[in-house]
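Numbering (UniProt numbering), first residue to last: 1 to 181.
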């Protein structure tokens, strides 16, 4: 049997590479999901459940044609987390989401990666809007949403994660124009 291969585009920013997941990313992925830091996104998880979560992210690409990218720094190749586009069953609409390992926080990585993912959604996929659903207690993610120009729009009641704030991203026409070579 031939393995299934979804085509996952790579996004390159000034400092980051957004790429497909690799099996060697799993130890860091599982380590993050085993800690209390993952509580805002359904964790902590066992190693088996973390594996299923990573496989779900890959399967999202096959089913929707977009999903989460693994994020690594271009300078070192270090895995920093995952950022991308997410629209699973039960979600209110497509989302731009981010999850960073502790060592990557406070360095602008999530913002740079989220801008690249949102640009892909708007320019390549033709999205006209996007949200980020954030646990009301997740102050770091709320501050990032604000830096991305998002506005609090209301609450979404998730059946498993509970209440989540809806942060609306600016429409494509409302974003600053970026000159690219």
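Where a beta carbon is used, it is the ideal one built from N, C-alpha and C, also for glycine.
Tell me where the beta strand (DSSP E) around residue 98 begins and ends. Segment 95-100, the beta strand (DSSP E) holding residue 98.
So, at 7 angstroms on beta carbons, what are the nonlocal neighbours of residue 80 in its own chain, with the 5 sequence-adjacent residues on each side left out? Exclusion of the five residues before and after residue 80 leaves 71, 72, 73, 100, 101, 104 and 109 as the residues of its chain whose Cβ lies within less than 7 angstroms of its Cβ.
In three-state terms, what does DSSP make of residue 151? The answer is strand: DSSP assigns residue 151 an E or B state.
Residue 131: buried (16+ other C-beta within 10 angstroms of its C-beta) or exposed? Around the CB of residue 131, 16 or more other CB atoms lie within 10 Å, so the residue is classed as buried.
Is residue 116 near the ligand MN - that is, is its Cβ less than 7 angstroms away from at least one heavy atom of it? In the structure shown, the ligand MN is absent, as is every other ligand, since no ligand is present at all.
Can you tell me where the beta strand (DSSP E) holding residue 184 begins and where it ends? Not covered by the structure: residue 184. The range shown for the chain is 1 to 181.
Find the nearest neighbour of residue 87 within the set 176, 133 and 38, judged by alpha-carbon distance. Its Cα nearest to that of residue 87, the residue 133 stands out among 176, 133 and 38.
Using only the alpha-carbon positions, how far apart do residue 68 and residue 85 sit? Those two C-alpha atoms are separated by around 6 angstroms.
For residue 113 and residue 98, which I take to be in contact (beta-carbon distance under 8 angstroms), what is that distance rounded to the nearest angstrom? Contact between residue 113 and residue 98 holds, since their C-beta atoms are separated by about 7 angstroms, short of 8 angstroms.
For the region 120-129 against the region 144-155, are there 3 or more C-beta pairs whose distance is under 8 angstroms? Output reads no: the region 144-155 does not touch the region 120-129.
Short Cβ contact (8 angstroms threshold) for residue 152 with residue 169: No, the Cβ-Cβ distance between residue 152 and residue 169 is not below 8 angstroms.
Give me, in chain order, the residues of the same chain whose beta-carbon lies closer than 7 angstroms to that of residue 33; leave out the 5 immediate sequence neighbours on both sides. Correct list, in chain order: 43, 44, 45, 50 and 53.
Determine the direct distance from the alpha carbon of residue 111 to that of residue 16, and round the result to whole angstroms. The straight-line gap separating the alpha-carbon atoms of residue 16 and residue 111 is approximately 11 angstroms.
Leaving out five residues before and five after residue 180 in sequence, what residues of the same chain have Cβ atoms less than 6 angstroms from its Cβ? Bear in mind that the predicted position of residue 180 carries a pLDDT of just 47, short of 50, making it unreliable; the figure below should be weighed with that in mind. If we look at residue 180 and ignore the five residues flanking it on each side, it has no Cβ neighbours.
Beta carbon of residue 166, beta carbon of residue 175: below 8 angstroms? Taking C-beta atoms as the reference points, residue 166 and residue 175 fail to come closer than 8 angstroms.
Using the beta-carbon count (16 or more within 10 Å), is residue 11 buried or exposed? Per the 10 Å Cβ criterion, buried.
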